[in-house]
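Engineer: All you need for my numbering is the position in the sequence shown, starting with 1, plus 16.
Using N, Cα and C, we set each Cβ at its ideal position, and we do this for glycine too.
Take a look at this one; I'll ask things after.
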Amino acid sequence: MADDGGYAATVKGIVRGKSTLEYLYFDEDEIYLDVGDEMAVSVYARPSDAALSLEWHISGDSLSYSVNKSDPKTIYISADAETSGGTVITVTDKLTGYSATCYVYVGDEDVGQNAGQNNGQQGSQGGNQS
Numbered sequence: 017m018a019d020d021g022g023y024a025a026t027v028k029g030i031v032r033g034k035s036t037l038e039y040l041y042f043d044e045d046e047i048y049l050d051v052g053d054e055m056a057v058s059v060y061a062r063p064s065d066a067a068l069s070l071e072w073h074i075s076g077d078s079l080s081y082s083v084n085k086s087d088p089k090t091i092y093i094s095a096d097a098e099t100s101g102g103t104v105i106t107v108t109d110k111l112t113g114y115s116a117t118c119y120v121y122v123g124d125e126d127v128g129q130n131a132g133q134n135n136g137q138q139g140s141q142g143g144n145q146s
């Protein structure tokens with residue numbers, strides 16, 4: 017797990033493929049966890065055989081994480097502390113600039129749902145470009 021000392025952390029991974037990326041997306045735009053919960057979070061590419069050079073970025077210090085070395089499209093997260101506004105996980109393909117974003121709320125689910133409604137972000141499909 018990367019220890020970011022309470023600051024945003026960035027991790028890179030390369031996925032070799034044959035096609036050009038059209039967009040990246042997460043299964044869920046928002047994830048709700050309790051302190052101590054662990055889970056795998058994966059980003060998906062369309063087409064699925066697209067070449068990728070992924071850079072993961074996680075804001076805040078409520079999550080610790082590690083990248084799956086055999087599949088850099090997946091990270092393992094652990095909820096270390098409650099959040100009041102959520103932690104943002106962003107993955108960007110350095111080849112195309114497309115990105116996907118997922119919000120993780122640790123603790124009170126009602127707080128997370130309200131924050132998610134206020135942030136105005138609509139998922140991560142459609143190849144958001146940085």
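From GLY76 to THR106, what does the alpha carbon distance come to, in whole angstroms?
Structural biologist: Going from the Cα of GLY76 to the Cα of THR106 covers about 12 Å.
Engineer: Taking all protein chains shown into account, do 16 or more other C-beta atoms lie within 10 angstroms of the C-beta of PRO63, making it buried, or fewer, making it exposed?
Structural biologist: Its Cβ having fewer than 16 others within 10 Å, PRO63 is exposed.
Engineer: By a C-beta neighbour count over all protein chains shown, 10 Å radius and 16 as the cutoff for buried, is CYS118 buried or exposed?
Structural biologist: With 16 or more other Cβ atoms within 10 Å, it is buried.
Engineer: From the DSSP output, in three-state form, read off GLU54 for me.
Structural biologist: It is a strand residue.
Engineer: Do the CB positions of ALA95 and ASP43 come within less than 7 Å of each other?
Structural biologist: Cβ atoms of ALA95 and ASP43: not closer than 7 Å.
Engineer: Go ahead and pull the three-state DSSP assignment for ALA66.
Structural biologist: It is a strand residue.
Engineer: Between which two residues does the beta strand (DSSP E) harbouring THR15 extend?
Structural biologist: Beyond the ends of the chain as shown, which are 17 and 146, falls residue 15; an answer cannot be given.
Engineer: Between LEU79 and LYS34, what straight-line distance do the alpha-carbon atoms span, to the nearest angstrom?
Structural biologist: Straight-line Cα distance between these residues: approximately 33 Å.
Engineer: Mapping the DSSP letters down to three states, classify LEU79 as helix, strand or coil.
Structural biologist: Reduced to three states, the DSSP call for LEU79 is strand.
Engineer: Please look up how many angstroms separate the CB atoms of GLU71 and TYR121, rounded, as I've assumed it's under 8 Å.
Structural biologist: Not a contact, Cβ separation roughly 23 Å.
Engineer: Nearest by alpha-carbon distance to GLY102: which of TYR41, LEU40, GLY123 and ALA56 is it?
Structural biologist: That would be GLY123, whose Cα lies nearest to the Cα of GLY102.
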